[in-house]
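**Q** Here it is, the structure, as structure tokens.
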Ligand SMILES: Nc1ncnc2c1ncn2[C@@H]1O[C@H](COP(=O)(O)OP(=O)(O)OP(=O)(O)O)[C@@H](O)[C@H]1O
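Residue numbers (the working numbering): 107 to 355.
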């Protein structure tokens, strides 16, 4: 940017606009993931680094400079799954998103039917945080989502009915997965393990986790460590559309 020229040219404005868009899109890609907290830490670290530079604190500045180099590589290694998911999302064809929309309808339909029959179910829908590490605790499937398929997975006595199903962009990634149980902090203590597994996973990731209670035949949704009240079919569809299709688009 040519500051000496005094006024901002059209090129500078485009430049600023593009950088602002990049920063915003970058933030959108990581918002709701554990990377946001790390980003805050990085900003604080950079603040200290800048301050040590301004105040000319040579030793501190040297140490922070060294730590930054190592830290950059550490961040790439630690956030490799998130980076891969973000890049994958950038390059994901639109057809794949349409598939995701149709899959939501199928999941909602399966939820209603299982609730009618009081078949217990637990379904996690991946958003920005990759759920691969939880999928690894179950049986890998990589199959297209459909209402009968989801119902078959949770049918009583079906081999994979125990545990949770993980859905990623219109496909069932794995079934019979073990989700982290919500800690016993009191609020959700009275709930059984299926509901606490839903809350637990939604606490650690940004996934939308759906539960059908075998006991009550109710449908609920866990998000960001909170469990919704009972949802009817219309409410469930609405919530899924806004949380998975619109927010994640
Ligand atoms: N950590 C876990 N991860 C995934 N699924 C789990 C986990 N713990 C329990 N489940 C599932 O929950 C089932 C047990 O549900 P439980 O009756 O304890 O819970 P609940 O919340 O009372 O649900 P419901 O209302 O359906 O009875 C197990 O059979 C298993 O399928």
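Using N, Cα and C, we set each Cβ at its ideal position, and we do this for glycine too.
To the nearest whole angstrom, what separates the beta carbons of residue 303 and residue 228, a pair I think is in contact under 8 Å?
**A** About 6 Å; that satisfies the 8 Å criterion.
**Q** If you draw a straight line from the alpha carbon of residue 258 to that of residue 132, how long is it in whole angstroms?
**A** If you take the alpha carbons of residue 258 and residue 132, they lie about 39 Å apart.
**Q** In terms of residues, what are the limits of the alpha helix (DSSP H) holding residue 246?
**A** Careful: residue 246 lies outside any alpha helix (DSSP H), inside the beta strand (DSSP E) at 245 to 250.
**Q** On a CA-only basis, which of 119, 171 and 214 is nearest residue 343? Give me that one, please.
**A** The residue with the shortest Cα to Cα distance from residue 343 is 214.
**Q** Return the Cβ separation of residue 251 and residue 209 in integer angstroms, given the expectation that the two are a contact with Cβ distance under 8 Å.
**A** With 8 Å as the limit, residue 251 and residue 209 qualify as a contact, their Cβ atoms being about 4 Å apart.
**Q** If we call anything under 9 Å between Cβ atoms a contact, is residue 233 one with residue 328?
**A** Not closer than 9 Å, so no.
**Q** Let me check understanding here. Comparing Cα to Cα, which of 231, 126, 283 and 316 lies closest to residue 277?
**A** The candidate whose alpha carbon is nearest that of residue 277 is 231.
**Q** Assuming residue 269 and residue 283 make a contact with CB atoms under 8 Å, what is their CB distance in whole Å?
**A** Contact holds; Cβ gap of about 5 Å.
**Q** Going by the DSSP bridge assignment, what does residue 326 pair with across the sheet?
**A** Partner(s): 317.
**Q** Shortest alpha-carbon distance to residue 192 belongs to which of 158, 266 and 235?
**A** Closest by alpha carbon: 235.
**Q** If you measure from the CB of residue 319, is any heavy atom of ligand 1 nearer than 8 Å?
**A** Correct: residue 319 has its Cβ closer than 8 Å to ligand 1.
**Q** Note down, in chain order, each residue of its chain lying with its Cβ closer than 8 Å to the Cβ of residue 167, except the 5 sequence neighbours on either side.
**A** The answer, listed in chain order, is 155, 158 and 159.
**Q** I need the boundaries of the alpha helix (DSSP H) containing residue 146, first residue and last residue.
**A** Counting along the chain, the alpha helix (DSSP H) containing residue 146 begins and ends at 141 to 160.
**Q** Go ahead and label residue 333 buried or exposed: buried means 16 or more other beta carbons lie within 10 angstroms of its beta carbon, across all protein chains shown.
**A** Buried: at least 16 other Cβ atoms inside 10 Å.
**Q** Quick check on residue 306: does DSSP put it in helix, strand or coil?
**A** Residue 306 falls in the helix class under three-state DSSP.
**Q** Tell me which same chain residues have a C-beta within less than 7 Å of the C-beta of residue 218, skipping the five on either side of it?
**A** Cβ neighbours of residue 218 beyond the five flanking positions: 339.
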